[in-house]
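Numbering (the numbering used here), first residue to last: 20 to 345.
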């Protein structure tokens, strides 16, 4: 039995090696098709599992259940560490259940890219700013995964490494690296199973019914609304384009804040524009907190703040693209 097990192990290792060699020899189009399949699989498959998010010295475990019925997409994420928190999403609508003191704060948000759905459905913009190459085949959460390296063409974005399930195409692990090839954050499944759920009994939060509910609605999106005629955007850093714009009411601020979102197809950067407050010294300069770069400056009487998980050069370039117009 030991010899038979040894032979099977050798055959398995040989098969994986041959598969890896075939993928390494694949054309550039084939590599992008693997990534395209991963982008679609996160939405089109029904699955459940646990993944771990690691950022610096902090880590958290999240339980996920995702269901696609052929038309509609449902997902429920439950934070397993620390204070309980749940995120339910249906299509692009997202609701966060966040216990605070003696109440449950329910926050409505528009859909965000959440693991494993971290890739856009259309990879055209990603292809413009990144190159793609293949690596070895490894095991993640007990499953075979093909490694893909997504590397930036310039210093305006970070690099990524994805482990793609060789059978189902789902991203099993995602790691982001800075320009010094240092790992900035990692998200990886530790458990994963495909499911065939026909009911949605699980699609509801498990929260303390004794607490009060407080709804915090996100202000309605106004994609082309500019509350101030006194600014405009000049040339953006290569590969980045505006994908969203909205007006936000921020606690403690007397006037609404304009929030503009930019993306290169993968990385996301937020720009906030607000009037300079009388008697308050305007913010200016760089800072980095964890994996997030911040840059603040002033244009006319407007306070400009940019932040994102991108290099400092990128947030500075976007901030400086804002021009004050009298």
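Ideal Cβ placement from N, Cα and C applies to all residues, glycine included.
{"query": "One or two residues paired with residue 147 in a DSSP bridge", "result": "According to DSSP, which records beta bridges pairwise, residue 147 is partnered with nothing at all."}
{"query": "Secondary structure of residue 137, DSSP reduced to three states", "result": "coil"}
{"query": "Length at least 4, wholly inside the segment 314-344: the alpha helix (DSSP H) runs in chain order", "result": "331-338"}
{"query": "Where residue 296 falls, given that 16 or more other Cβ within 10 Å makes a residue buried", "result": "exposed"}
{"query": "Paired residues, beta bridge with residue 297 - DSSP", "result": "In DSSP, residue 297 forms no bridge with anything."}
{"query": "Which listed residue (89, 74, 79 and 82) has its alpha carbon closest to that of residue 60", "result": "89"}
{"query": "Secondary structure of residue 240, DSSP reduced to three states", "result": "Residue placement at residue 240 is poorly supported in this model, since its pLDDT is 43, which falls under 50; the coordinates still yield a value, given next. Reduced to three states, the DSSP call for residue 240 is strand."}
{"query": "Beta-carbon contacts of residue 338 that lie in its chain and below 8 Å, excluding the five residues immediately before and after", "result": "290, 314, 315, 316, 323, 324 and 325"}
{"query": "Residue 14 (DSSP reduced to helix, strand or coil)", "result": "Not covered by the structure: residue 14. The range shown for the chain is 20 to 345."}
{"query": "Proximal residues to residue 72 (C-beta, below 6 Å), its chain only, five neighbours per side dropped", "result": "79 and 206"}
{"query": "Span of the beta strand (DSSP E) around residue 175", "result": "Here residue 175 belongs to no beta strand (DSSP E), and DSSP marks it neither H nor E."}
{"query": "Contact under 8 Å by Cβ, residue 258 with residue 167", "result": "no"}
{"query": "Alpha-carbon spacing of residue 215 relative to residue 87, whole angstroms", "result": "9 Å"}
{"query": "Alpha-carbon to alpha-carbon, residue 334 and residue 341", "result": "12 Å"}
{"query": "Counted within 10 angstroms of its Cβ, other Cβ atoms place residue 312 as buried (16 or more) or exposed", "result": "buried"}
{"query": "Alpha carbon of residue 307 to alpha carbon of residue 286, nearest angstrom", "result": "16 Å"}
{"query": "Bridge partners - residue 212, DSSP secondary structure assignment", "result": "67"}
{"query": "Pairwise C-alpha distance: residue 162 and residue 298", "result": "59 Å"}
{"query": "Identity of the residue in 140, 139 and 190 nearest residue 68 by Cα", "result": "190"}
{"query": "Residue nearest to residue 186 in terms of C-alpha spacing, selected from 180, 220 and 158", "result": "158"}
{"query": "Limits of the beta strand (DSSP E) - the one that residue 107 falls within", "result": "104-109"}
{"query": "With 16 other Cβ atoms within 10 Å as the buried cut-off, status of residue 142", "result": "buried"}
{"query": "Inter-residue spacing [alpha-carbon to alpha-carbon] between residue 75 and residue 264", "result": "31 Å"}
{"query": "Alpha carbon of residue 107 to alpha carbon of residue 93, nearest angstrom", "result": "8 Å"}
{"query": "CA nearest to the CA of residue 249, picked from 56, 152 and 293", "result": "293"}
{"query": "Per DSSP, the bridge partner or partners of residue 276", "result": "267"}
{"query": "Option nearest residue 197 by Cα separation, candidates 260, 272, 319 and 330", "result": "330"}
{"query": "Selected residue, minimal CA-CA separation from residue 138, among 98, 301, 283 and 274", "result": "283"}
{"query": "Counted within 10 angstroms of its Cβ, other Cβ atoms place residue 267 as buried (16 or more) or exposed", "result": "exposed"}
{"query": "Assigned secondary structure, residue 100 (DSSP; H/G/I helix, E/B strand, else coil)", "result": "coil"}
{"query": "Residue 40 (DSSP reduced to helix, strand or coil)", "result": "With a pLDDT of 43 at residue 40, under the threshold of 50, the modelled position of this residue cannot be trusted, and the question is left open."}
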